[in-house]
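In the numbering used here, the protein residues as written are 13 to 151.
Virtual Cβ for every residue (Gly too), placed ideally from N, Cα, C.
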């Protein structure tokens, strides 16, 4: 179950993490970088890193991507991809991008003639995403 902000309500927010931790986590999964988060919250970049590290440690995730998966409740379904207007022939590439595979890894697993780089660029452009976390939010 997700609320209107997209947050997965099945995740119980730990009592030992403050509202600042939550704000940093929300901005991370919204696709913001450390400098943007620091500017938004009026704190230093190193403090943002400390808050983000504490959140990741508490939830047992290793970085932004795993935090996004947890936050949004897993990979987007094919139905969601179709609803967002992503062509069916690119769904497999999109899923591999979402799990942070490199272009080389994707090409090795799929047909080498497919343009993974073009698919990745089109995907980021379509959803005005600057990084993978922004793409997670859009989907």
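Nearest to residue i (by Cα), restricted to the options the options
i           : options              : result
residue 97  : 111, 138, 120 and 71 : 138
residue 147 : 26, 24, 102 and 42   : 42
residue 140 : 32, 44, 33 and 28    : 44
residue 128 : 136, 121 and 115     : 115
residue 70  : 122, 93, 88 and 26   : 26
residue 64  : 30, 88 and 85        : 30
residue 111 : 125, 74 and 100      : 74
residue 28  : 118, 67, 85 and 53   : 67
residue 101 : 123, 49, 51 and 86   : 123
residue 149 : 93, 33 and 72        : 93
residue 24  : 95, 83, 126 and 117  : 83
Secondary structure of residue i, DSSP reduced to three states
i           : result
residue 210 : A question about residue 210 goes unanswered here, because the residues of the chain that appear run from 13 up to 151.
residue 141 : coil
residue 11  : With the chain represented from 13 up to 151, any question about residue 11 goes unanswered, as that position is not in the structure.
residue 114 : coil
residue 83  : helix
residue 20  : Any reading at residue 20 is ruled out, since the residue's pLDDT is 48, under 50, leaving its predicted position unreliable.
residue 35  : helix
residue 41  : helix
residue 73  : coil
Expected contact under 8 Å - CB spacing of residue i and residue j to nearest Å
i          : j           : result
residue 88 : residue 151 : 4 Å
residue 46 : residue 55  : About 10 Å; that fails the 8 Å criterion.
- [ ] Would you check if the region 99-106 and the region 125-133 touch, i.e. whether three or more CB-CB distances between them fall below 8 Å?
- [x] yes
- [ ] Check whether the region 74-83 touches the region 28-40, counting contact only when three or more Cβ pairs, one atom from each stretch, lie closer than 8 Å.
- [x] yes
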